[in-house]
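Chains as they are written, first to last, in my numbering: chain A, 13 to 199; chain B, 6 to 409.
Structure follows, in structure tokens:
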């Protein structure tokens with residue numbers, strides 16, 4: 013997501029290129045998120061698009077990526093619940109957390125976190141070679157070096173080398189663009 | 006957890022997700038906490054990332070983004086056409102015709118309201134940031150941009166740069182802005198005003214600038230050098246903040262104006278034969294490309310004709326030359342040609358004449374510049390025997406045939 017400040021500025025100023033980036037990064041993730049609440053693919057696309065339109069017409073300004081991310085997920089969350097209400101669909105009830113509204117919200121924040129983790133992870137993967145990406149994804153799926161070696165038809169040693177390279181690439185990548193360094197210092 | 010924590014937490018966990026692998030990434034002090042380990046397990050034990058990514062594939066962000074753009078384009082057209090008397094007729098057409106091309110049917114129909122396409126001057130501008138990003142200010146509202154540690158506030162009243170702190174190296178807000186204060190080279194932004202637009206801005210030294218239509222100003226976001234130099238094409242009125250140790254220089258294609266702190270107007274359009282510097286108060290010196298330097302006193306106007314290398318200094322009623330800044334179009338014994346040059350820039354129209362003599366008709370007047378052009382032109386028609394034929398955004402001026 014380029015340089016964070018420049019991207020956030022662009023979103024605030026309704027720059028076309030920044031908004032395209034905004035869509036590319038968040039659109040599918042938000043739709044996926046919404047459809048987990050509404051169980052309705054088409055409705056979730058409408059919900060997300062309407063949310064973006066409202067944002068475009070508004071004068072809302074974000075200070076940073078955290079604020080922007082929070083706004084988007086929260087807006088989609090409440091629009092999704094409204095959709096369920098308006099369409100007389102059953103509202104989600106959580107077995108463990110029937111107690112209060114806030115714990116329901118808490119659960120949906122966690123779901124949003126899941127989506128965001130995958131977005132960030134995918135963003136980093138997108139920038140490596142297809143083979144490295146493949147190896148990382150297979151590893152995450154639980155495949156062992158031998159499995160990967162067989163499936164991709166390359167030697168176990170080069171699987172290991174590629175893995176190492178991919179990881180160090182990701183570390184560098186995530187370090188710079190996602191402020192990991194800063195976060196680690198304060199953790 | 007709060008919504009605001011999502012982004013940073015995700016960043017942390019993705020970091021762990023990568024580091025935790027048995028690749029032998031030793032020496033890392035950082036270990037995920039219990040809660041995070043629990044969260045990460047979810048991603049380890051199943052192919053949840055695979056699944057999620059394939060679910061996302063059914064959502065096409067490009068299509069959605071295109072839809073947003075089209076919707077914005079349609080709204081623009083509807084806004085413009087709402088002003089036209091014939092709007093209602095065309096709304097149906099707009100819905101069918103689509104987006105970008107909707108303008109043309111509206112435009113071609115001049116039978117209902119001739120003047121509908123000519124809009125009075127508006128506050129609008131394009132801001133070009135140092136990194137090349139362009140911001141269409143009219144579309145914005147109010148926003149704060151940060152560039153190289155410097156705050157830029159964009160609002161209805163103008164573009165305002167956070168004023169440089171006094172004394173070098175001293176940044177206000179005690180250590181809040183870590184980057185500021187170490188800038189040693191000028192970083193430039195530009196403000197471009199289209200025809201039909203106007204805007205104002207406050208520079209980092211506190212100098213205020215009113216920009217007229219069809220003008221461009223390039224300026225540093227912070228004045229770090231020993232001279233404050235800005236580059237002007239077109240017309241602007243300056244109220245320069247006093248700073249005796251750093252002269253303020255307005256550089257134009259055909260000459261530079263040096264000031265220490267004063268109020269003055271510079272008119273330097275490429276389609277005019279001269280550059281005009283009009284001094285309201287204080288003192289400025291003009292040095293043309295021909296080399297001669299002239300010092301102006303308040304109430305004086307210097308016209309420099311670069312082609313001939315000639316300077317003309319005269320006493321003027323400054324209100325006639327700076328009135329535009331106060332939303333007035335004030336003129337005394339001005340030729341129709343010169344009047345129409347100004348109107349063409351303000352209303353973004355082109356002008357042609359039936360014959361050369363018409364250009365030399367002379368007028369005096371005092372008009373509100375936000376009026377629609379129709380009421381403007383009516384005044385001229387009454388006074389002189391001329392009439393205006395308006396076709397879309399073009400005005401043709403001809404002698405009135407019938408005596409009345």
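Glycine is no exception: its CB is placed at the ideal position from the N, C-alpha and C atoms.
Excluding the five sequence neighbours on either side, which residues of its own chain have a C-beta within less than 6 Å of the C-beta of residue i, listed in chain order?
i: residue 379/B; result: 120
i: residue 394/B; result: 401
i: residue 56/A; result: 43, 46, 47 and 50
i: residue 87/A; result: 63
i: residue 120/A; result: 89
i: residue 12/B; result: none
Report the rounded CA-to-CA distance for residue i versus residue j, giving the unit in angstroms.
i: residue 155/B; j: residue 63/B; result: 42 Å
i: residue 260/B; j: residue 245/B; result: 18 Å
i: residue 214/B; j: residue 273/B; result: 15 Å
i: residue 204/B; j: residue 92/A; result: 42 Å
i: residue 323/B; j: residue 405/B; result: 34 Å
i: residue 370/B; j: residue 331/B; result: 15 Å
i: residue 55/B; j: residue 52/A; result: 21 Å
i: residue 176/A; j: residue 14/B; result: 25 Å
i: residue 101/B; j: residue 347/B; result: Residue placement at residue 101/B is poorly supported in this model, since its pLDDT is 27, which falls under 50; the coordinates are not used for a value here.
i: residue 391/B; j: residue 248/B; result: 51 Å
i: residue 359/B; j: residue 77/B; result: 41 Å
i: residue 129/B; j: residue 220/B; result: 12 Å
i: residue 58/B; j: residue 133/A; result: 11 Å
i: residue 334/B; j: residue 79/A; result: 46 Å
i: residue 77/A; j: residue 122/A; result: 18 Å
i: residue 284/B; j: residue 294/B; result: 20 Å
i: residue 38/A; j: residue 131/A; result: 8 Å
i: residue 34/A; j: residue 161/B; result: 26 Å
i: residue 159/B; j: residue 149/B; result: 6 Å
i: residue 131/B; j: residue 124/B; result: 18 Å
i: residue 313/B; j: residue 240/B; result: 21 Å
What does residue i touch in chain B if you count any residue whose Cβ is under 7 Å from its own?
i: residue 128/A; result: 11, 12 and 15
i: residue 73/A; result: 148 and 149
i: residue 81/A; result: 11 and 12
Using the three-state DSSP reduction, which class does residue i fall into: helix, strand or coil?
i: residue 90/A; result: helix
i: residue 48/A; result: helix
i: residue 131/B; result: strand
i: residue 295/B; result: coil
i: residue 171/A; result: helix
i: residue 123/B; result: coil
i: residue 148/B; result: strand
i: residue 398/B; result: coil
i: residue 76/B; result: helix
i: residue 19/B; result: helix
i: residue 74/A; result: coil
i: residue 267/B; result: coil
i: residue 32/A; result: helix
i: residue 250/B; result: coil
i: residue 122/A; result: helix
Which stretch, first to last residue, makes up the beta strand (DSSP E) that contains residue i?
i: residue 285/B; result: 280-286
i: residue 216/B; result: 213-216
i: residue 228/B; result: From DSSP, residue 228/B is part of no beta strand (DSSP E); its letter is neither H nor E.
i: residue 320/B; result: 315-320
i: residue 3/B; result: One cannot answer for residue 3/B here, as it falls past the ends of chain B, which runs 6 to 409.
i: residue 165/B; result: 163-166
Starting from residue i, trace the alpha helix (DSSP H) both ways and give me its first and last residue.
i: residue 344/B; result: 341-352
i: residue 159/A; result: 157-164
i: residue 67/A; result: 53-69
i: residue 363/B; result: 361-364
i: residue 60/B; result: 53-61
If I measure Cβ to Cβ from residue i and keep anything under 7 Å in the same chain, skipping five residues before and after, which residues do I get?
i: residue 34/B; result: In this prediction, residue 34/B has a pLDDT of 45, which is less than 50 and means its spatial position is unreliable; nothing more can be read from the coordinates.
i: residue 351/B; result: 126, 201, 218 and 374
i: residue 81/A; result: 128
i: residue 146/A; result: 164
i: residue 299/B; result: 290, 291, 307, 316 and 318
Any beta carbon from chain D within less than 9 Å of residue i's own beta carbon?
i: residue 139/A; result: No chain D is part of this structure, whose protein chains are labelled A and B.
Excluding the five sequence neighbours on either side, which residues of its own chain have a C-beta within less than 8 Å of the C-beta of residue i, listed in chain order?
i: residue 1/B; result: Here chain B comprises residues numbered 6 to 409, so residue 1/B is not present and cannot be evaluated.
i: residue 60/B; result: none
i: residue 74/A; result: 20, 23, 24, 80 and 83
What in chain B is Cβ-close to residue i, meaning under 8 Å?
i: residue 61/A; result: 69, 72 and 73
i: residue 124/A; result: 8 and 11
i: residue 86/A; result: 8
Give the interface partners of residue i over in chain A, defined as CB-CB distance under 8 Å, in chain order.
i: residue 76/B; result: 65
i: residue 58/B; result: 130 and 134
i: residue 352/B; result: The premise fails here: residue 352/B is roughly 26 Å from chain A at the closest Cβ pair, so nothing lies under 8 Å.
For residue i, return the contacting residues in chain A, with the cut-off set at a CB-CB distance below 9 Å.
i: residue 280/B; result: Correct list: empty, because the minimum Cβ distance to chain A is about 33 Å.
Just to make sure I have the definition right: I need the residues of chain B whose C-beta is within less than 9 Å of the C-beta of residue i. Which are they?
i: residue 24/A; result: 145, 148, 149 and 150
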